[in-house]
Structures are given as C-alpha cells and as structure tokens.
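Per our numbering, the sequence shown starts with residue 247, numbered consecutively. C-beta: ideal position from N, C-alpha, C; glycine also. Structure, as structure tokens:
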Amino acid sequence: MILARVRADVAVIDDLLRDIAERPVDLDDPNWMAQIRQAPPPVEEAGVAAEASAALEALLEAYETGGAPARAEVRDIFRAHPSFRWAAHLPVAWDSVGEFRRRLVHVSAMDQGADPRDELMTIWSLCHRARECGIDVEPVLREVANLSSDADLYGFGSMQMLIMRGLEIHDLD
C-alpha cells in the first residue's frame, strides 16, 4: 500500500468535509442537540461515506501492519486533516475483542486528536464497553500501547500513557 495515495484521498475528503465540520452550532437554540442527532453523518452529507471508510481502513491497516515510519506517517495524516479525523469513524456497533482492538488502534492513530481529554474519555468508554462484553482489556491495551506514540503533544501525557489509562475503571453510566 502506498500511503501517499491514501494521503491524497484523505486531503480531498477533508476538503469536502471542512464546511460541515466548521459549521457553527447555535447553542442558544434549545433544539440544537436534537438537530445534530437527526442530521445525517457528515460523511454521508458530503457524499464521501464510501471513500472515507476505505481511506480509514487503509490508514488503520498501515498503522497496524507497518513499522514505526508508517505509523508516524498515519499519525501525521490524521493531524494534517482534522475534518477527516473528526468525521471518519468505524461502525458504532461492536462486541468482539478484534473490534475493540480496532477501535483502540483508531484512537492511537489519531494521536490525541484535537484534545487528549476527549481521547481519554473515548478510551475509558471503549474499555467499559469491552468489559461489559466480557473482554479482557489489559492485553489489548498493552498491545495497542506498543504501537502508540510516546510523544506528549499537549502536556497531558503520551498516547501510550493514555491508552494504558484504559486499565482504570470509571463509572460511565
């Protein structure tokens, strides 16, 4: 796989998503949350759902199977294209250890996203769900942490550290 081609695809998708991602939300409107929930997913609204899904899968595959240089390039692609990072997701429903791992890999590849606190909440939520499914989270966390960056981008700890914080148990209900 050539990441340069995937990077070019992600750049186009990011451009097509930018207006949606940057659309203002009127928090004074009492129905703002309902409107967001009723709206189609941004990738569907932009008409790039299939392309975004294919690009995301290619990035995650490169991240999982490539070496350190490939993982660094994937992190850079996510960092350089915030609208894609915000809108491209794996399917919501999951219940297996493989699907749990894939979602942690996605979080790892986004390398703290725009705010590591959001990523930490995502990690805790994924681990909570995995535990409810009877999945032993520790070996998966350790495996994905080994793929993750050790750079502390925001003074909140590295992605390796954030992934391992999935061992913490929080009441998220």
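- Task: Report yes if the C-beta distance between I266 and A298 is below 7 Å; otherwise report no.
- Result: no
- According to DSSP, is I415 helix, strand or coil? coil
- CA-CA distance, Y309 and L302? 10 Å
- Task: Out of D361, N277 and A316, point me to the one whose CA is closest to R253's CA.
- Result: A316
- Query: Is it buried or exposed for P337, if we count other Cβ within 10 angstroms and need 16 for buried?
  - Reply: exposed
- Message: In this structure, how does DSSP classify Y309 when only helix, strand and coil are distinguished?
- Response: helix
- What span of residues does the alpha helix (DSSP H) with F330 cover, start to end? P328 to A333
- Within this structure, are the beta carbons of V294 and L262 separated by less than 7 Å? yes
- Message: Going by DSSP, what residue range makes up the alpha helix (DSSP H) through F346?
- Response: V343 to M356
- Write down the C-beta distance between L306 and H352 rounded to the nearest angstrom, noting that I regard them as a contact closer than 8 Å. 6 Å
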